[in-house]
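Peer 1: Mind looking over this structure? Questions follow.
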Amino acid sequence: INLRTVYAFAREMYPKLSTEYIQYGTAGFRGKAEFLDSVMFRMGVLATLRSRFRGGAVIGVMITASHNPEPDNGVKLVDPKGEMLDASWESIATDLVNVSDQDLEQHVAKIIKDNSIDITSSSHVFVGMDNRYHSPRLLKAVADGVIALKGNVREFGIVTTPMLHFFVVAANTKETYGKPTEEGYYEKLIKAFELLRNGQLENGNYKNNVVFDGANGVGARKMLQFIKRMNKSLNISVINQGIGPGKINDECGADYVKVLQRPPISMPVVEPFTRCVSVDGDADRVVYFFTNEKGEFQLLDGDRIATLVAGYLMDLVTRSEIDLRLGLVQTAYANGASTDYIVNELKFPVSCVPTGVKHLHHKALEYDIGVYFEANGHGTIVFSDHAKATIATASETKASAKTLLLLIDLINETVGDAISDMLLVETILNHKGWDVKDWISTYNDLPNRQLKIKVQDRNVIETTNAERVCVKPEGLQTEIENVVSNYKRGRAFVRPSGTEDIVRVYAEAATKEDTENLAYEVGVLVQ
Ligand code: 16G
Ligand code: ZN
């Protein structure tokens, strides 16, 4: 392989247009689409090297800016087991993207040497993209990066982020996880979902219909595909389908609904208490919402999904009389009331980790059944090999274990998957005979408020204890604690964002007014 080709490609087709330093963050690289061509090309190169480094295993590349506005795009790499790119390679990615075109060839040679990569070995890269209009152009850049190093590239076109993770894992497990195709994905989830319904479409308070807000993103398209293949096992009406003038995530989608606590645009008039679901632009986050009889908006976020799922799994495990270690992983953003409920009512072990899927996923793997969710609606459940074997054995005699076994197939263990998570929630509510009223009455959320604060340098803020305690600048934590102590059930923390050039403030307290005041006071301390 001649590394000259890499330089030639870069210079001729993907020149670096901006010298602004960019960093591989929690969600990979993000930015305005027009500056990302060279980033994409280089990530194609890196994915090829990473695949060779991992003995030829498939590496995924997803092109998306998730819940961000339409002009943005981004790219992240998926490791062989479906995990986020290993932290030790994040800095390799950052350095590779920031070198000049002139230095690129030498720099690639250095990565190869430093990591003892056999450049002649085989390499496999899967690429997927969301439905932003600039994604196809960027996908070609990634593919050219792979080709420049003579790797094998398979393009999946428009897919959700969790679908791409699914394909990577399916291919790397020699298809024991599923078939690495779009049909293979639908087939696995729908089959499990319909077996779990077992013909029972309505039950108790559970009604068999939902409104699905697709955020004008790829989740909408894929949901329409699901509907075509499902046996009318759930009536889903899809809004914000992404056809027509609506822009991705614009006044719709999971992030909008969660942050602004209001329904998305284009909501049809529905009966009070109708279940509504919003996913984000690449369909890896999901939140539920509804309006009550007074027309008030009510949110059921990631914490609600986590508690629902945890309680249900605990129940099934107990009834199956099997001994498995269950655990729930949250972040500092989890509503305090949800944590109290899990610890005190469900008696479920809970741990708290820093923001970002890689931290949650990693921690969840420590349990036999690890449930992880961020309040923003990103999450899934992972089962250890031991758990899978134990459940399979018990399923021969216990109906509850049989249900667990089917749930494993319904869940996309590789990463949070909005559609799979929604089908899981629908299954649990159906089995329990619950409507949203039953679900939301399990505990009362504490009012909460988030603020974004612009500062000169967000990195002067350093945190510890899963971001709940601020250690730098010195003295700030004491000031925060002093303010918090004036509020009943008060809790607040600050942390630098990993995706935007800002500091985030989170506050919760017993009343809405207190929460607003607390957030404001802490915000002032940060400025
Ligand atoms: C990214 C993370 C998400 C996290 C968010 C926080 C992944 C795949 N995504 O979107 O989990 O909640 O960043 O953003 O890890 P922030 O650092 O700007 O608050
Ligand atoms: Zn997303």
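Each residue of the sequence shown is one higher than the last, beginning at 3 in UniProt numbering. Don't be surprised by glycine CBs; every beta carbon is placed ideally from N, CA and C.
As a quick exercise: from GLY216, GLU469, GLY27, pick the residue whose alpha carbon is nearest that of GLY248.
Peer 2: Residue mapping note: residue 248 aligns to position 246 of the sequence shown, counting from 1. Checked all of GLY216, GLU469, GLY27; the closest Cα to GLY248 is GLY216.
Peer 1: Compute the minimum distance between the beta carbon of SER93 and the heavy atoms of the ligand 16G, and state whether it is under 7 Å.
Peer 2: Translated into the one-based positions of the sequence shown, residue 93 becomes position 91. SER93: no, Cβ never under 7 Å from the ligand 16G.
Peer 1: Closer than 7 Å: is that where the CB of GLY358 sits relative to any heavy atom of the ligand 16G?
Peer 2: Counting from one through the sequence shown, the residue named residue 358 turns up at place 356. Yes - the ligand 16G has a heavy atom lying nearer than 7 Å to the Cβ of GLY358.
Peer 1: If distances are taken between C-alpha atoms only, which option among ASN467, SER53, GLU177, MET86 comes closest to ASN117?
Peer 2: Here residue 117 corresponds to residue number 115 of the sequence shown, with the count starting at 1. Nearest C-alpha to ASN117: SER53.
Peer 1: Taking one C-beta from the region 266-281 and one from the region 201-220 each time, how about it: are there three or more such pairs within less than 8 Å?
Peer 2: They touch, by the three-pair rule.
Peer 1: Per DSSP, what kind of secondary structure is GLY147 in: helix, strand or coil?
Peer 2: For this step, residue 147 is matched to residue 145 along the sequence shown. In the structure shown, GLY147 sits in a helix (DSSP, three-state: H, G or I).
Peer 1: Quick check: the region 189-201 against the region 422-435, are at least 3 beta-carbon pairs closer than 8 Å?
Peer 2: The answer is yes - the region 189-201 touches the region 422-435, with three or more Cβ pairs under 8 Å.
Peer 1: May I have the straight-line CA-CA distance separating residue 2 from LEU328, to the nearest angstrom?
Peer 2: Residue 2 lies beyond the residue range present for the chain, which begins at 3 and ends at 529; the question has no answer from this structure.
Peer 1: Please work out which residues of its chain come closer than 6 Å, Cβ to Cβ, to ILE65, disregarding the five sequence neighbours upstream and downstream, and give them in chain order.
Peer 2: Stepping through the sequence shown from its first residue, residue 65 is reached at position 63. Once the five neighbours on either side are set aside, the close Cβ partners of ILE65 are VAL77, MET131, SER137, LEU140, LEU141.
Peer 1: Measuring from the CB of ARG506, is there a heavy atom of the ligand 16G at a distance below 7 Å?
Peer 2: In the sequence shown, the residue the question calls residue 506 occupies position 504. Yes.
Peer 1: Take GLN243 and list the residues in its own chain whose beta-carbon comes closer than 8 Å to its own, dropping the five residues that flank it on each side.
Peer 2: Numbered from 1 along the sequence shown, position 241 holds the residue referred to as residue 243. Excluding sequence neighbours, GLN243 sits near GLY216, ASN218, ALA222, ARG223, LEU226.
Peer 1: Using beta carbons (cut-off 8 Å, strictly below), is GLU415 in contact with chain D?
Peer 2: Absent here is chain D; the protein component of the structure consists of one chain.
Peer 1: Considering only the alpha carbon of each residue, which of ASP503, ALA95, GLY153 lies closest to GLN458?
Peer 2: Sequence index remark: in the sequence shown, residue 458 carries index 456 (1-based). Closest by alpha carbon: ASP503.
Peer 1: Could you tell me which whole alpha helix (DSSP H) segments of length 4 or greater appear in the UniProt domain "Phosphoacetylglucosamine mutase AMG1" (303-436)?
Peer 2: Complete alpha helix (DSSP H) runs here, min 4: 304-321, 338-342, 359-366, 387-396, 401-412, 420-434.
Peer 1: Going by DSSP, what residues sit across from HIS126 in a beta bridge?
Peer 2: What you label residue 126 is simply residue 124 of the sequence shown in a count that begins at 1. HIS126 pairs with VAL60, ASN154.
Peer 1: Count the other CB atoms, across all protein chains shown, that sit within 10 Å of the CB of PRO71; report buried if there are 16 or more and exposed otherwise.
Peer 2: Reading the sequence shown from its first residue, position 69 is the one you call residue 71. The residue is exposed, with fewer than 16 neighbouring Cβ atoms inside 10 Å.
Peer 1: With DSSP collapsed to three states, give me the class of GLY33.
Peer 2: Counting from one through the sequence shown, the residue named residue 33 turns up at place 31. GLY33: strand per DSSP, three-state reduction.
Peer 1: Among the residues of its own chain, which have a CB less than 8 Å from the CB of MET160, if the five just before and after it don't count?
Peer 2: Walking along the sequence shown from the start, residue 160 turns up at place 158. According to the sequence provided, residue 160 is Ile. The question's Met does not apply to it. Excluding sequence neighbours, ILE160 sits near GLY130, MET131, ASP132, ASN133, SER137, VAL220, ARG223.
Peer 1: Could I get the ranges of all uninterrupted beta strand (DSSP E) runs contained in the region 443-470, with 3 residues as the minimum, in chain order?
Peer 2: Complete beta strand (DSSP E) runs here, min 3: 450-455, 464-466.
Peer 1: Taking all protein chains shown into account, decide if LYS365 is buried (16 or more other Cβ within 10 angstroms of its Cβ) or exposed.
Peer 2: Counted from its first residue, the sequence shown places residue 365 at position 363. The residue is buried, with at least 16 neighbouring Cβ atoms inside 10 Å.
Peer 1: When DSSP labels each residue in this structure, what does THR293 get in the three-state scheme?
Peer 2: Position 291 of the sequence shown, counted from the first residue, corresponds to residue 293. Correct three-state label for THR293: strand.
Peer 1: Compute every distance between the C-beta of GLY283 and the non-hydrogen atoms of the ligand ZN, then say whether any falls below 7 Å.
Peer 2: Here residue 283 corresponds to residue number 281 of the sequence shown, with the count starting at 1. Flag set: Cβ of GLY283 near the ligand ZN.
Peer 1: May I ask you to report which of helix, strand or coil DSSP gives LEU226?
Peer 2: Position 224 of the sequence shown, counting from 1, holds the residue named residue 226. If DSSP states are grouped into helix, strand and coil, LEU226 belongs with the helices.
Peer 1: Buried or exposed: where does PRO17 fall if 16 or more other Cβ atoms within 10 Å of its Cβ makes it buried?
Peer 2: Taking the first residue of the sequence shown as position 1, residue 17 is located at position 15. Label assigned to PRO17: exposed.
Peer 1: For HIS361, does the count of other Cβ atoms within 10 angstroms reach 16, so buried, or fall short, so exposed?
Peer 2: To locate residue 361, count along the sequence shown from 1; it is residue 359. Buried.
Peer 1: Can you list, in chain order, the stretches of the beta strand (DSSP E) that have 3 or more residues and sit fully within the region 85-141?
Peer 2: The region 85-141 contains these whole beta strand (DSSP E) runs: 126-131.
Peer 1: List, from N- to C-terminal side, the alpha helix (DSSP H) runs of 4 residues or more that fit wholly inside the UniProt domain "Phosphoacetylglucosamine mutase AMG1" (182-289).
Peer 2: The UniProt domain "Phosphoacetylglucosamine mutase AMG1" (182-289) contains these whole alpha helix (DSSP H) runs: 184-199, 220-231, 256-262.
Peer 1: On a Cα-Cα basis, can you pick out the residue from PHE43, THR399, ARG44, VAL171 that is closest to ILE324?
Peer 2: As a position in the sequence shown, residue 324 is number 322, starting the count at 1. For ILE324, the nearest C-alpha among the options comes from THR399.
Peer 1: Can you give me the C-alpha to C-alpha distance between ILE241 and GLY297, rounded to a whole angstrom?
Peer 2: Taking the sequence shown and counting its residues from 1, the one referred to as residue 241 is at position 239. Taking the sequence shown and counting its residues from 1, the one referred to as residue 297 is at position 295. So the two alpha carbons sit approximately 20 Å from each other.
Peer 1: Quick one: give me the first and last residue of the beta strand (DSSP E) that LYS514 is part of.
Peer 2: Translated into the one-based positions of the sequence shown, residue 514 becomes position 512. Counting along the chain, LYS514 falls outside any beta strand (DSSP E), though it belongs to the alpha helix (DSSP H) covering 514-528.
Peer 1: Does the ligand 16G have a heavy atom nearer than 7 Å to the CB of MET86?
Peer 2: Within the sequence shown, residue 86 is the residue found at index 84, counting from 1. MET86 Cβ: within cutoff of the ligand 16G.
Peer 1: By the 10 Å Cβ neighbour count, where 16 or more other Cβ atoms means buried, how is SER123 classified, buried or exposed?
Peer 2: Indexing the sequence shown from 1 puts residue 123 at position 121. Exposed, because fewer than 16 other Cβ atoms sit within 10 Å of the Cβ of SER123.
Peer 1: Select from GLU464, LEU198, VAL171, VAL507 the residue whose C-alpha is nearest the C-alpha of GLY186.
Peer 2: The residue given as residue 186 occupies position 184 in the sequence shown. Cα-wise, what sits closest to GLY186 is VAL171.
Peer 1: Do GLU107 and VAL8 have their CB atoms nearer than 8 Å?
Peer 2: In the sequence shown, counting from the first residue as 1, residue 107 sits at position 105. In the sequence shown, counting from the first residue as 1, residue 8 sits at position 6. In contact: GLU107 and VAL8 (Cβ atoms closer than 8 Å).
Peer 1: Under three-state DSSP, which class holds GLY492?
Peer 2: Along the sequence shown, one-based indexing puts residue 492 at 490. Note: GLY492 maps to coil in three-state DSSP.
Peer 1: Kindly examine the ligand ZN and report whether one of its heavy atoms sits closer than 7 Å to the Cβ of THR382.
Peer 2: As a first step, residue 382 must be located in the sequence shown, where it is residue number 380. No - the ligand ZN has no heavy atom lying nearer than 7 Å to the Cβ of THR382.
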